[in-house]
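Going by full-length UniProt numbering, the first residue of the sequence shown is number 1, and it counts up by one from there. Note that the Cβ used here is the ideal one computed from N, Cα and C, for glycine as well.
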Amino acid sequence: MMVMMKILRNMGRRKTEMKRIENVKDRQVTFSKRKNGLMKKAFELSVLCEAEVAVLVFSPKGKLHEFSSNPNSMEKTIERYRMCGEDVQVNHSSNTNNQLEQQNSQLYRNMVGYFISLIATIQDYH
């Protein structure tokens, strides 16, 4: 019994070598399982994080498998991806800088208010 338990404990997952699977049947089974896992992860990401997700996978035989967080938005997501480039990155960077400037200004105003009240308190004691 102890020997059997030891054997079962060692039969867990093992690291898969990243190379083409030679056996056609094994390759198809692996593709199917991993594709399903990928689609499940894409769905979870879209639900948990409210992310816009689109996944396109072509099987070895050329069959298209797809997932979109919104069935009506696959084309919109692809178009958004195509339009994404330096313009979007520059715009995002400038938005981030504007947000930081606003946060710094608010922090500065808060600090000025704190120091004014601190000075008033010190003056009251003298």
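Problem set entry | V112 - DSSP class collapsed to helix/strand/coil | On the sequence shown, residue 112 is found 112 positions in, with the first residue counted as 1. Helix at V112.
For this session: Look up F58 in the DSSP assignment and give the residues it is bridged to.
Result: Residue mapping note: residue 58 aligns to position 58 of the sequence shown, counting from 1. F58 pairs with L64.
Exercise. Got a sec? Which residues, its chain only, sit under 7 Å from Q106 by beta carbon, not counting five neighbours each side?
Worked result: As a position in the sequence shown, residue 106 is number 106, starting the count at 1. Excluding residues within five positions, none has a Cβ falling inside 7 Å.
For this session: Would you identify the three-state DSSP class for M83, choosing helix, strand or coil?
Result: By one-based count along the sequence shown, residue 83 stands at place 83. Look at M83 here: in three-state DSSP terms it is helix.
Exercise. Can you give the beta carbon distance from A51 to T77, rounded, assuming they're within the 8 Å contact cut?
Worked result: Mapped onto the sequence shown, residue 51 falls at position 51. Mapped onto the sequence shown, residue 77 falls at position 77. In fact, because the Cβ distance is near 11 Å, the residues do not count as touching under 8 Å.
Problem set entry | Of the residues F67, P60, S73, the one placed nearest R20, counting alpha carbons only | Residue mapping note: residue 20 aligns to position 20 of the sequence shown, counting from 1. It is P60.
For this session: Answer with buried or exposed for S32, where buried requires no fewer than 16 other C-beta atoms within 10 angstroms of its C-beta.
Result: Position 32 of the sequence shown, counted from the start, is the residue given in the question as residue 32. Within a 10 Å sphere around the beta-carbon of S32 sit fewer than 16 other beta-carbons, which makes this residue exposed.
Exercise. Can you name, in chain order, every residue of its own chain whose Cβ lies under 6 Å from the Cβ of N104, other than the five neighbours on each side?
Worked result: For the purposes of this step, residue 104 is identified with residue 104 of the sequence shown, where counting begins at 1. Counting only Cβ-Cβ distances below 6 Å, and skipping sequence neighbours, we find nothing.
Exercise. Exposed or buried, M1, counting other C-beta atoms within 10 Å across all chains shown (16 or more means buried)?
Worked result: Translated into the one-based positions of the sequence shown, residue 1 becomes position 1. Unreliable positioning characterises M1 in this predicted model, as indicated by a pLDDT of 49, which lies under 50. The coordinate reading is nonetheless provided below. Residue burial is scored here from C-beta neighbours: M1 has fewer than 16 other C-beta atoms within 10 angstroms and is therefore classed as exposed.
For this session: Might you give, ordered along the chain, the residues of its own chain that have their beta carbon closer than 6 Å to the beta carbon of M39, omitting 5 neighbours on each side?
Result: Within the sequence shown, the letter at position 39 stands for residue 39. So the list reads F67, once near-sequence residues are dropped.
Exercise. Buried or exposed: S69, going by 16 or more other Cβ atoms within 10 Å of its Cβ?
Worked result: On the sequence shown, position 69 is the one that residue 69 refers to. S69 counts as buried, since no fewer than 16 other beta carbons sit within 10 angstroms of its beta carbon.
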